[in-house]
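Heads up, the thing below is written out as structure tokens.
Residue numbers (this note's numbering), protein chains in the order written: chain A, 1 to 397; chain B, 398 to 794.
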């Protein structure tokens with residue numbers, strides 16, 4: 001299958017590209033290095049440097065003989081996306097190409113506007129390019145479990161049958177996200193749903209939980225093939241951040257009461273899920289929504305698990321609740337369904353002390369490179385918003 | 398009250414500005430003449446020319462002594478919106494500043510992208526400007542009844558209490574709009590709801606039905622104060638279009654079966670509703686949603702009503718069903734609630750033969766100026782989308 005991976009340089013994009021390439025698919029990756037540039041601008045570089053896409057694909061070819069095509073460009077630019085679609089003639093598109101950080105989206109007007117306009121324009125361009133170049137292709141779009149927020153009722157997989165005054169209809173499950181970033185994914189879903197029912201596109205929208213981990217089968221071939229690993233509050237997800245805090249000897253920073261519960265998954269399960277979606281496409285006119293996570297944990301449970309693994313690793317791990325910079329419920333009902341991928345055959349990897357222990361082994365190799373000021377969160381506050389600011393925010397320095 | 402009217406040159410923006418000015422408020426209007434420019438580009442000029450905003454406000458001052466401030470600029474440009482907010486220091490913002498045509502949004506990639514990016518960026522900038530300049534001001538945003546689509550259950554006013562597996566929550570009423578334009582209003586609502594609950598803004602989101610008519614109390618002072626009156630399929634709403642078709646001796650073009658039912662209102666009722674919203678603001682942290690229409694009609698019922706009025710006027714009005722260029726249900730359940738404005742005291746004007754007769758009197762004064770090719774719809778087809786097209790679409794010529 002010819003597969004176009006948008007955002008192919010990212011934490012998930014690159015491992016996905018390798019895995020689908022290893023499975024025999026013809027892969028083209030597109031990226032504009034937005035995340036690398038934002039990390040540099042905000043001085044929140046990842047734990048270790050990763051080669052650029054041309055370098056990574058050269059290493060991949062050297063190790064496996066498989067070619068991955070690279071296009072560098074901004075998918076907001078129609079010429080870039082038209083070029084990518086017309087050259088790669090995709091049967092399937094995996095769309096990761098969005099600004100992926102919730103705190104970054106809440107920092108100031110510039111970062112909010114960038115997140116909103118980037119994410120919505122890229123998704124719209126993908127839809128328009130499908131209509132023009134490959135109306136029968138299958139789009140796999142990365143959404144987020146955060147689209148649902150934390151409602152007081154069970155979270156179904158994308159849709160909800162509603163009966164009201166004696167009549168019934170199936171609707172998109174009502175969404176209420178907790179950050180502007182998450183809200184852009186809600187907008188994406190609305191937009192995709194409109195064009196799916198109007199043009200009969202085939203779309204899978206993955207409501208993914210926060211991902212943790214760094215190891216995949218393909219990255220084991222060469223450490224230079226590892227994905228990005230950010231540990232700051234902007235681009236580092238909570239488990240990865242806690243592991244780095246533990247190794248650095250900093251207390252694990254729990255926001256508020258720590259009862260915030262979410263659905264998590266290991267990076268290898270992201271790859272499994274995307275592969276299952278690739279191999280079992282949505283039908284024409286179908287917006288197939290699947291909840292992509294494997295286990296739910298509260299932040300307190302995660303902190304305890306990291307502490308246990310860290311103590312076994314010989315670290316003296318402390319846990320320190322801090323004032324919650326976000327606006328969110330710290331104790332809430334949370335019962336999200338996730339059976340769609342199980343039905344497709346997902347065999348998931350649980351989060352264990354051993355998984356965390358192995359992450360600590362790698363992270364501790366870089367312990368000298370950990371920059372303390374990148375560890376502590378709380379710089380992006382949900383109720384604050386920088387005043388007119390056309391230059392890069394300097395509050396992170 | 399200091400009121401900032403965004404999109405103050407439009408079909409509703411200008412009459413709103415006059416009415417609120419006549420009520421003693423201090424008015425500033427902002428517009429970038431987007432609609433005038435699009436009409437010129439697409440060769441779908443309105444029935445009669447209207448003076449520009451500087452000219453209109455000068456006439457208004459001459460007739461009433463009231464000053465309306467004018468700012469010409471694009472609200473996607475932060476400097477323009479920051480200037481407008483910092484100069485006018487609004488207590489209330491009325492936001493009409495969006496590309497308002499469904500067919501235009503479905504024409505080709507250029508018009509779709511313009512609609513999406515314009516509408517979402519202006520709304521985001523309004524939110525950011527409120528946070529920076531006037532966090533306690535009240536925003537009145539024009540949405541559309543079209544956000545709801547035509548669900549099989551009763552349409553409530555913005556919100557729906559849902560019980561599922563024995564637990565309950567109030568959600569935004571699920572939305573499923575019928576065009577990209579209408580979908581941009583859904584995105585606006587999502588964005589507003591996020592920032593209302595995060596920042597505690599005061600927002601009224603008006604789900605307005607198609608508006609008809611041209612006369613308001615203020616425009617009776619001078620015919621040069623009349624609003625735009627488009628009769629093409631892009632910018633002309635259905636009743637206005639039917640009246641012009643009747644006067645021009647063209648059959649009224651009903652799409653498909655003509656059972657499409659919507660909620661309509663007279664332009665004077667739009668003004669009443671907006672004034673009621675201005676004088677009864679939303680509370681801090683409240684997204685108040687009100688369904689703004691007064692009567693529901695099917696397209697067939699409208700056509701029959703226009704035919705009756707036209708026949709009395711001495712026209713021989715024919716009705717001609719044509720292939721539906723849209724993707725929509727032509728027969729459907731439709732039961733939208735609209736009690737919120739009644740509770741605030743709205744005394745609405747019904748659509749009668751007399752109302753249509755009076756419109757025909759004015760339209761017939763311009764019958765020599767009616768351009769036949771502007772009368773017939775069907776150029777914007779929901780299932781067609783122009784290929785790569787960076788120049789103005791010429792299919793309308």
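We put the beta carbon where it would ideally sit given N, CA and C, even for glycine.
For chain B, check one thing: does any of its Cβ atoms lie closer than 8 Å to the Cβ of residue i?
i	result
residue 151(A)	yes
residue 190(A)	yes
residue 288(A)	no
residue 260(A)	no
residue 4(A)	no
residue 186(A)	yes
residue 139(A)	no
residue 14(A)	no
Cβ closer than 7 Å: which chain B residues qualify as neighbours of residue i?
i	result
residue 124(A)	510 and 513
residue 109(A)	525
residue 131(A)	782
In or out: residue i buried (at least 16 other Cβ within 10 Å) or exposed?
i	result
residue 377(A)	buried
residue 506(B)	buried
residue 372(A)	exposed
residue 161(A)	exposed
residue 394(A)	Caution applies to residue 394(A), whose pLDDT of 43 falls short of 50 and renders its modelled position unreliable; the model cannot decide the point.
residue 361(A)	exposed
residue 497(B)	buried
residue 616(B)	buried
residue 576(B)	buried
residue 365(A)	exposed
residue 118(A)	buried
residue 663(B)	buried
residue 629(B)	buried
residue 15(A)	buried
residue 269(A)	buried
residue 484(B)	exposed
Would you say residue i faces chain A, with C-beta separation under 8 Å as the test?
i	result
residue 559(B)	yes
residue 630(B)	no
residue 517(B)	yes
residue 432(B)	no
residue 457(B)	no
residue 564(B)	yes
residue 471(B)	no
residue 790(B)	Any reading at residue 790(B) needs caution, since the residue's pLDDT is 45, under 50, leaving its predicted position unreliable; the model's value is listed next. Taking Cβ atoms only, chain A never reaches closer than 8 Å to residue 790(B), which makes this a no.
Closest to residue i by C-alpha separation, out of the options, would be which residue?
i	options	result
residue 714(B)	740(B), 754(B), 609(B) and 680(B)	754(B)
residue 48(A)	76(A), 196(A) and 236(A)	236(A)
residue 455(B)	622(B), 404(B), 479(B) and 501(B)	622(B)
residue 321(A)	292(A), 205(A) and 300(A)	300(A)
residue 370(A)	238(A), 247(A) and 385(A)	247(A)
residue 206(A)	276(A), 134(A) and 31(A)	276(A)
residue 368(A)	35(A), 249(A), 201(A) and 135(A)	249(A)
Can you pull the chain A residues whose beta carbon is under 7 Å from the beta carbon of residue i, in chain order?
i	result
residue 480(B)	The contacting residues do not exist; residue 480(B) stays about 11 Å from chain A at best.
residue 577(B)	194
Find the residues of chain A that neighbour residue i, judging by a C-beta separation of less than 9 Å, and give them in chain order.
i	result
residue 569(B)	174, 175 and 176
Going along chain A, which residues have a C-beta under 8 Å from residue i?
i	result
residue 369(B)	Here chain B covers residues 398 to 794 and nothing more, so residue 369(B) does not appear.
residue 580(B)	190, 191 and 194
Strictly under 8 Å for the Cβ-Cβ distance: is residue i near chain C by that measure?
i	result
residue 154(A)	The chain labelled as chain C is not found among the protein chains of the depicted structure, namely A and B.
Is residue i close to the ligand MG? I mean its beta-carbon at under 7 Å from any heavy atom of the ligand.
i	result
residue 51(A)	The ligand MG is not part of this structure, which contains no ligands at all.
When Cβ atoms are compared, which residues of the segment 316-340 of chain A fall closer than 8 Å to chain B?
327 and 333
Members of the segment 590-624 of chain B near chain A, C-beta cut-off 9 Å:
Closer than 9 Å at the C-beta level to chain A, one finds these residues of the segment 590-624 of chain B: 590, 591, 592, 594, 595, 596 and 597.
Compile a chain-ordered list of the residues in the segment 279-305 of chain A whose CB is closer than 7 Å to at least one CB of chain B.
none
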